[in-house]
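When you line the sequence shown up against full-length UniProt numbering, it's residues 1 to 299, in that order. The beta-carbon is built from N, C-alpha and C at its ideal position, and this holds for glycine as well. Here the structure is a predicted model, which means the values were calculated and not measured. Single-structure report; data block below.
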Amino acid sequence: MVTRKTATTPAAKETAKAAAKPAKKTTPKAAESTARIRVGIGGWTFEPWRGVFYPEDLAQKRELEYASRQLTTIEVNGTFYGSQKPATFTKWHDETPDDFVFSLKAPRFATNRRVLSEAGDSIERFFASGVLELKNKLGPVNWQFATTKQFDPDDFEGFLKLLPKRVDGRAIRHAVEVRHESFCNEAFVALAREYEVAIVMAGDSKYPQIADPTAPFVYARIMGTSEAQSKGYSSKALDMWTARARTWAAGGTPEGLDMFGEASASKTPRDVYLYVISEFKAHNPAAAIAMLERLKRRT
1 MVTRKTATTP AAKETAKAAA KPAKKTTPKA AESTARIRVG IGGWTFEPWR
51 GVFYPEDLAQ KRELEYASRQ LTTIEVNGTF YGSQKPATFT KWHDETPDDF
101 VFSLKAPRFA TNRRVLSEAG DSIERFFASG VLELKNKLGP VNWQFATTKQ
151 FDPDDFEGFL KLLPKRVDGR AIRHAVEVRH ESFCNEAFVA LAREYEVAIV
201 MAGDSKYPQI ADPTAPFVYA RIMGTSEAQS KGYSSKALDM WTARARTWAA
251 GGTPEGLDMF GEASASKTPR DVYLYVISEF KAHNPAAAIA MLERLKRRT
């Protein structure tokens, strides 16, 4: 049986108490200032975005250049299906602003296998393929698993042991996107926390939602955009996801999300990577931009 520990009223009471008293040390906003919230989309090549997100007269070869100046991060899906050339990563680095970050979907050859502990060669090839040419613009690596992959503690720990913490002196952040209900348990959360690997939070989706913080950063993919909403989400939903991102960045845990492990004792600020993915894809850029605008208001 799946046991959910949804964050609710205790956090609300503490928030209300804190608001009633003058802050003595670090307020949530002050804590947030040491972490970065990035919001983006999946990929940058999508025909329905032309003339809507992208200007009518923009050359297709300049779409990454344009998108990276409207958003603060992009999740690359192409790396899931096949290797890119080092020159491609260099090109992406050179076309984007200094503070822009890419997250990369790791190759399916590493995750779509029966015995995960045998993925070592695939993992090594991925990191040797040129990803480090992104330099400081290399963000988290998302290891996405098939919807049929079930949780086996020994099997999964064998995989986590293969994930390098550093490659050629460069620290690597890892996130795992699991999509089977068997992962909704305390043992999986504890394992991810032990290896400081983030569990991808699948918001507004048919997949299991596991919101336990397990790493020094949060990786969220929200999948509920609608054709009926010009900005993908209603104003209320955009406000809610923006508030959740702020809470994560300040080291807190947002209310209303399913958690399965012991509450994290750490209140350290966390970087946040939030991606608007799938569903009504044509409106995903508008939703991401709307959240970035809300973050600028700092209300």
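Using the Cβ count rule (16 or more neighbours within 10 Å means buried), how would you classify residue i?
i	result
Glu194	exposed
Pro269	buried
Leu295	buried
Ala171	exposed
Lys21	Low confidence applies to Lys21: its pLDDT is 40, below 50, so where it sits in the model is not reliable, and the reading given next is rough at best. The residue in question, Lys21, is exposed, as its Cβ has fewer than 16 Cβ neighbours within 10 Å.
Pro254	buried
Gly51	exposed
Ala228	exposed
Lys85	exposed
Gly261	buried
Asn284	buried
Lys236	exposed
Please check the pair residue i and residue j, which I expect to be a contact at CB under 8 Å, by giving their CB distance rounded to whole angstroms.
i	j	result
Ile222	Leu163	With a Cβ gap of about 25 Å, Ile222 and Leu163 do not count as contacting.
Thr79	Lys61	No, Thr79 and Lys61 are not in contact; Cβ-Cβ is about 20 Å, not under 8 Å.
Asp155	Val189	Actually they do not touch by this definition, with Cβ atoms about 16 Å apart.
Trp44	Glu63	5 Å
Ala119	Phe159	6 Å
Ser68	Phe89	The pair is not a contact, with the Cβ atoms about 14 Å apart (cut-off 8 Å).
Ala211	Met201	5 Å
Thr242	Val276	Going by Cβ atoms, the distance from Thr242 to Val276 rounds to 12 Å, so no, they are not a contact pair.
Between the beta-carbon of residue i and the beta-carbon of residue j, is there less than 8 Å?
i	j	result
Ala110	Pro140	no
Ser230	Ala282	no
Ser117	Phe151	no
Gly40	Thr72	yes
Arg179	Pro153	no
residue 319	Leu274	The question about residue 319 has no answer here: the residues shown for the chain are numbered 1 through 299.
Note to self: Give the list of continuous beta strand (DSSP E) stretches no shorter than 3 residues that lie fully inside the region 226 to 295.
What the structure shows: 271 to 276
Next item on the list: Decide yes or no for the touch test of the region 212 to 232 against the region 172 to 191: beta carbon pairs closer than 8 Å, at least 3 of them.
Entry: Counting Cβ pairs under 8 Å, three or more are found: they touch.
Note to self: Ignoring anything shorter than 4 residues, give me the alpha helix (DSSP H) runs that lie fully in the region 152 to 197, in order along the chain.
What the structure shows: 153 to 160, 186 to 194
Note to self: Report the start-end ranges of each beta strand (DSSP E) in the region 77 to 164 that is 3 residues or longer and not cut off at the edges.
What the structure shows: 101 to 105, 138 to 144
Next item on the list: Output the residue ranges of the beta strand (DSSP E) runs that lie fully inside the region 33 to 57 and measure 3 residues or longer, sorted by chain position.
Entry: 37 to 42
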